[in-house]
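For reference, the structure discussed in these notes is given below.
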Amino acid sequence: MTHITPKYPHNILLAADGSEHSYAAAEFLTHLPLPKSTTITGVYVLIPRHAQLKKSFQNVLKPIENKLRDSNASIETKILSGYPSSILTNYAEKHCCDLTVLGAKGLRSTLGILLGGVAQQVVEYSCCPVLIVRVPYKHLKRILLVVDGSDNSRAATAYLGQFSIPSSCQLYTLHVLSPLIQDDFYIQSWPAGIDMIHPVAIPNDLQEQLQKQAQKEQVQGELLLEQTEAELASYGVNSQTSLQRGDAATKILQFIDEENIDLVITGSRGLGKIQGWFLGSVSRKLAHYANCSVLIVKDLPSSPNERRS
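The sequence shown maps to residues -13 to 295 in the numbering used here.
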């Protein structure tokens, strides 16, 4: 994947807590061709009852700081006091960060939980894109961009086009068409006490309508992928496209596993927005269950200056 030089330097917030996940997040950043004017701020958050121990935690940031020196960015580290999710989201907004990076889980992660509580809240309420890095992190070679035609999806495409992605990466663009009918129609029968209930057969006229709808959606899906491919090309980015039909989250997760994706990029909400929900159901499922790192992008102004105004 060829890629032009990013149009503006990045202002990145890295959440550091001394866990292997936060160290993997730092390593992820060292694999990006960041402009020299990029700033990375590593922040360790002490909960209020540990605030008086601030000096004792200075060494926690040293491994992260040393790792980040492998990047081209300007490095700064801070120890702040408060509740981690609130401190991180407020810091990102106050300092106009264009990316928050954190490990999927922290030091107090529960066995079997794929996404820690702090990561969940930061993803939900952050004003800027959030990158969740999962371990084991080895490399960044295969990237998946998920598109659905929504404003947030277009923001994700634009963000990817201007982000510092290694030129050696292979990029895929995936659009998933909705199922035409519910799964219940495919079930031949199911027990209900001593009786057996059979689903109603689909009338022929409805089948014809569904076929026409499928053809229309196929054309619209292909057009969306063509438009996305053209937009990425305008940034100097090439991609392979894939159009599938089914449950969106299921198809995306399958694609991630089948193609050994290292990073999936998606908008925070799709076309089916519910007022008051900051994160869509598909994005939330990817954040929790994707077997790779996840970058979730919210609708953004086109330039850093607009974000600061």
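Ideal Cβ positions, reconstructed from N, Cα and C, are used throughout, including at glycine. Computed from a predicted structure; not experimentally measured.
Open item on the list: Among the candidates K284, I282, C278, A78, whose CA atom is the shortest distance from the CA of H125?
Closed with: C278
Open item on the list: On the DSSP bridge list, what partners appear for G28?
Closed with: L0, T63
- [ ] Check whether the Cβ atoms of R333 and A144 sit closer than 8 Å, and answer yes or no.
- [x] Shown here, the chain extends from -13 to 295; a query on residue 333 therefore has no answer.
- [ ] Just the C-alpha distance for S150 and Y221, rounded to the nearest angstrom, thanks.
- [x] 11 Å
- [ ] Determine the direct distance from the alpha carbon of D56 to that of S193, and round the result to whole angstroms.
- [x] Checking the sequence shown, residue 193 turns out to be Gln, not Ser. In a straight line, the C-alpha of Q193 is about 59 Å away from that of D56.
Task: Segments of 4+ residues assigned as alpha helix (DSSP H) that fall wholly inside the region 44 to 88 - done: 48 to 54, 70 to 80
Task: Extent of the continuous alpha helix (DSSP H) run through G296 - done: Residue 296 is absent from the model: the chain starts at -13 and stops at 295.
Open item on the list: Taking DSSP's pairing of strands, which residues face V205 in a bridge?
Closed with: Its beta-bridge partners do not exist; DSSP assigns none.
- [ ] Give a yes or no on whether the C-beta atoms belonging to L88 and I50 are separated by under 8 Å.
- [x] no
Open item on the list: Between which two residues does the alpha helix (DSSP H) holding S225 run?
Closed with: Careful: S225 lies outside any alpha helix (DSSP H) and carries neither H nor E.
Open item on the list: Let me check understanding here. Comparing Cα to Cα, which of S23, T86, S136, A11 lies closest to T252?
Closed with: S136
Task: Opposing strand residues paired with K158 [DSSP bridges] - done: Checking the sequence shown, residue 158 turns out to be Tyr, not Lys. Answer is L130, Q226.
Task: Coil, strand or helix - T96 by DSSP - done: Residue placement at T96 is flagged as unreliable, the pLDDT there being 45, under the threshold of 50; the coordinate-derived value follows with that caveat. Reduced to three states, the DSSP call for T96 is coil.
Open item on the list: Output needed for G98: all residues of its chain with C-beta closer than 7 Å, excluding positions within five of it in sequence on either side, in chain order.
Closed with: Here the model assigns G98 a pLDDT of 45, short of 50, so the residue's position is not dependable, and the following value carries that caveat. If we look at G98 and ignore the five residues flanking it on each side, it has no Cβ neighbours.
- [ ] Confirm, please, whether the CB-CB distance from T16 to N(-3) is below 8 Å.
- [x] no
- [ ] Measure the beta-carbon distance from P115 to L(-1) and round it to whole angstroms, keeping in mind my assumption that it falls under 8 Å.
- [x] Not a contact, Cβ separation roughly 11 Å.
Task: From A59, D243, E208, residue whose alpha carbon lies closest to that of R231 - done: E208
- [ ] Taking only the alpha-carbon atoms, compute the straight-line gap between T227 and A2 and give it to the nearest angstrom.
- [x] 35 Å
- [ ] Please confirm whether L130 and F241 have their CB atoms less than 8 Å apart.
- [x] yes
Open item on the list: On the DSSP letters alone, give me the boundaries of the beta strand (DSSP E) that L117 sits inside.
Closed with: 116 to 119
Open item on the list: How far does the alpha helix (DSSP H) with I242 in it extend, from its first residue to its last?
Closed with: 234 to 244
Open item on the list: I'd like to confirm the pairing. Which residues does DSSP put opposite S279 in its beta bridges?
Closed with: L249
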